[in-house]
Amino acid sequence: MKVIETNAHVWTESEAHSLNIKSVKRIEDLYSNTAIALRRLPYLEIISDRFVRKLASSFRGLANDFAVVTVEMITSERLDEVIPSLSNTSLTGIFRLDPQGGLGMMCLDQKLVYLFVDMLLGGRHASLNAIDENRGYTSIERNLIERVFKVMFADFSEVFDVDKPVEFVFERLEVNTRFAMIDKPTASVFHIKVKVELEDRSGFFDIVLPFGTIEHVFANIIPYQLLEQDPFWQKTLLSELEETSFTLEVVLDQTDKFLSDVMSWKKGSEITLLKSPESLVTISCEGKSMFTAKIGHRGPRIAVSIEEIIP
62 MKVIETNAHV
72 WTESEAHSLN
82 IKSVKRIEDL
92 YSNTAIALRR
102 LPYLEIISDR
112 FVRKLASSFR
122 GLANDFAVVT
132 VEMITSERLD
142 EVIPSLSNTS
152 LTGIFRLDPQ
162 GGLGMMCLDQ
172 KLVYLFVDML
182 LGGRHASLNA
192 IDENRGYTSI
202 ERNLIERVFK
212 VMFADFSEVF
222 DVDKPVEFVF
232 ERLEVNTRFA
242 MIDKPTASVF
252 HIKVKVELED
262 RSGFFDIVLP
272 FGTIEHVFAN
282 IIPYQLLEQD
292 PFWQKTLLSE
302 LEETSFTLEV
312 VLDQTDKFLS
322 DVMSWKKGSE
332 ITLLKSPESL
342 VTISCEGKSM
352 FTAKIGHRGP
362 RIAVSIEEII
372 P
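The sequence shown runs 62 to 372 under this note's numbering.
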């Protein structure tokens with residue numbers, strides 16, 4: 062039996078070999094998790110952007126007030142690094158991914174909890190100075206926040222629901238983040254921090270998604286073959302294109318004039334166009350001709366009627 066001696070300990074050859082295998086395994090796990098994070102972050106950024114836009118609309122309906130929801134950060138961390146960073150005075154909603162399985166959580170900080178409680182109870186401009194950080198939440202407050210969580214989980218489910226049904230189901234409410242263990246402590250998770258502004262008050266909530274949970278979802282919407290079409294990206298691209306704004310230009314006529322004539326123009330000067338009411342004009346976008354159209358009017362405004370598409 063061969064013995065290997067180090068400054069701290071004396072190892073047998075079999076022990077050293079076992080330790081070496083474990084070290085390699087840890088490096089492989091770290092590389093694998095990093096690869097997953099790099100591969101998934103772009104998708105998660107798009108989904109997070111869609112989620113906060115939808116959530117802003119839901120919060121407006123819930124609180125009857127204008128809401129601004131923005132993503133502050135998206136990181137990849139270990140669960141035992143994220144949990145201590147969350148406030149002990151927050152309320153945490155645990156959700157379950159159905160039917161694929163896996164857990165995740167959303168954590169509302171104390172300011173956001175009381176903001177929603179005040180809004181749902183009809184209060185406005187309540188003073189944050191009156192909040193007792195050491196006071197526990199009442200059953201009424203927990204029930205109100207559970208209602209908020211169910212709205213958030215429903216919106217979160219909808220932005221993931223692309224190809225197959227995805228549902229994040231409310232599992233339970235935790236008043237202490239230390240008990241919100243949704244995976245093993247060393248598990249890698251995505252950590253998303255979101256800011257919510259209602260009236261002149263604001264607060265934050267955190268989304269924690271273990272890699273294992275999110276992989277179940279992405280397996281439905283992300284192709285692993287390079288030549289395979291991606292329905293998620295197709296739907297996202299189409300929805301973004303539908304909301305894209307652009308400028309159309311209509312040129313009624315073009316004519317050549319001497320500079321002396323142009324310099325003599327003043328208010329009330331008439332410019333004779335060679336177009337007749339039956340003449341066609343061109344509609345263009347960014348210099349590219351798109352349509353031909355006839356000039357008309359609708360009420361007091363000039364209008365054009367598209368005749369044909371220019372290929």
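Glycine is no exception: its CB is placed at the ideal position from the N, C-alpha and C atoms.
What would DSSP say about residue 300, mapped onto helix, strand or coil? Residue 300 carries a helical assignment under DSSP once its states are collapsed to helix, strand and coil.
Counted within 10 angstroms of its Cβ, other Cβ atoms place residue 340 as buried (16 or more) or exposed: Exposed.
Minimum C-alpha distance to residue 357 - residue among 349, 366, 350, 351: That would be 366, whose Cα lies nearest to the Cα of residue 357.
Spatial distance of residue 139 from residue 246 (CA atoms): Taking the Cα positions, residue 139 is about 7 Å away from residue 246.
Count the other CB atoms within 10 Å of the CB of residue 179; is the residue buried (16 or more) or exposed (fewer)? Residue 179 comes out buried.
Reference residue 373, options 175, 310, 336, 106, closest by Cα: The displayed coordinates of the chain run from 62 to 372. Any statement about residue 373 would go beyond what the structure contains.
Could you tell me the distance, in whole angstroms, from the CA atom of residue 152 to the CA atom of residue 364? Approximately 56 Å, taken between the alpha carbons.
What does the alpha-carbon distance come out to for the pair residue 88 and residue 372? Summary for residue 88: the model assigns pLDDT 39, below 50, so the residue's position carries little reliability, and this model does not support an answer.
C-alpha gap between residue 286 and residue 351, whole angstroms: Any reading at residue 286 must be qualified, since the residue scores a pLDDT of 39, below 50, and its modelled position is unreliable; the value itself is stated next. Within the model, the alpha-carbon separation for residue 286 versus residue 351 is close to 37 Å.
Can the beta-carbon of residue 112 be found less than 8 Å from the beta-carbon of residue 230? Against a cut-off of 8 Å, the Cβ pair of residue 230 and residue 112 comes out as no contact.
With a threshold of 8 Å on Cβ separation, who are the neighbours of residue 369 within its own chain once the five nearest residues in sequence on each side are excluded? For residue 369, where only same-chain residues beyond five positions count, the Cβ hits under 8 Å are 352, 353.
So, with DSSP's three-state summary, where would you put residue 226? DSSP places residue 226 in coil when its eight states are reduced to three.
Using a Cβ-Cβ cut-off of 6 Å (strictly less than) and excluding sequence neighbours within five positions of residue 288, which residues of its own chain qualify? The predicted model places residue 288 with a pLDDT of 38, which falls under 50 and marks its position as unreliable, so this point remains unresolved.
Note down, one range per segment and in chain order, each beta strand (DSSP E) of at least 3 residues found wholly within the segment 129–212. Entirely contained in the segment 129–212, the beta strand (DSSP E) runs reaching 3 residues are, in chain order, 152–159, 164–169.
Sub-8 Å separation of residue 271 and residue 243 beta-carbons: Remark: C-beta atoms of residue 271 and residue 243 approach each other more closely than 8 Å.
Taking C-beta to C-beta, are residue 260 and residue 170 nearer than 8 Å? With respect to the 8 Å criterion, residue 260 and residue 170 are not classified as neighbours on the basis of their beta carbons.
Less than 8 Å between the CB atoms is what I'm expecting for residue 117 and residue 124, so what's the real figure, rounded? The pair is not a contact, with the Cβ atoms about 11 Å apart (cut-off 8 Å).
Using the Cα positions of residue 302 and residue 110, report the straight-line distance between them to the nearest angstrom. Approximately 16 Å, taken between the alpha carbons.
Counting only C-beta atoms, is residue 325 closer than 8 Å to chain B at any point? Absent from the structure: chain B. Only one protein chain is present.
Mind checking whether residue 206 and residue 177 have CB atoms under 8 Å apart? Yes, Cβ-Cβ distance for residue 206 and residue 177 is below 8 Å.
Alpha carbon to alpha carbon, how far is residue 347 from residue 144? Give it in angstroms, no decimals. Annotation: residue 144 to residue 347 spans about 51 Å, alpha carbon to alpha carbon.
Taking only the alpha-carbon atoms, compute the straight-line gap between residue 296 and residue 103 and give it to the nearest angstrom. If you take the alpha carbons of residue 296 and residue 103, they lie about 16 Å apart.
Under the three-state DSSP convention, the category residue 348 falls into: It is coil, neither helix nor strand.
Residue nearest to residue 120 in terms of C-alpha spacing, selected from 258, 168, 328, 331: Taking only the C-alpha atoms, the option nearest residue 120 is 258.
CB-CB under 6 Å to residue 308, same chain, minus the five flanking residues each way: which ones, in chain order? Cβ within range, chain order: n/a, list empty.
In whole angstroms, give me the CA-to-CA distance for residue 148 and residue 238. Put simply, the backbone Cα of residue 148 is about 8 Å away from that of residue 238.
Can you list, in chain order, the residues of its chain whose CB lies under 7 Å from that of residue 108, leaving out five sequence neighbours each side? Cβ within range, chain order: 220, 221.
What are the residues that DSSP puts in a beta bridge with residue 254? The partner list for residue 254 (beta bridge, DSSP) reads 134, 267.
Taking buried to mean at least 16 other C-beta atoms within 10 Å of its own C-beta, is residue 150 buried or exposed? With a threshold of 16 other beta carbon atoms within 10 Å, residue 150 meets it and is buried.
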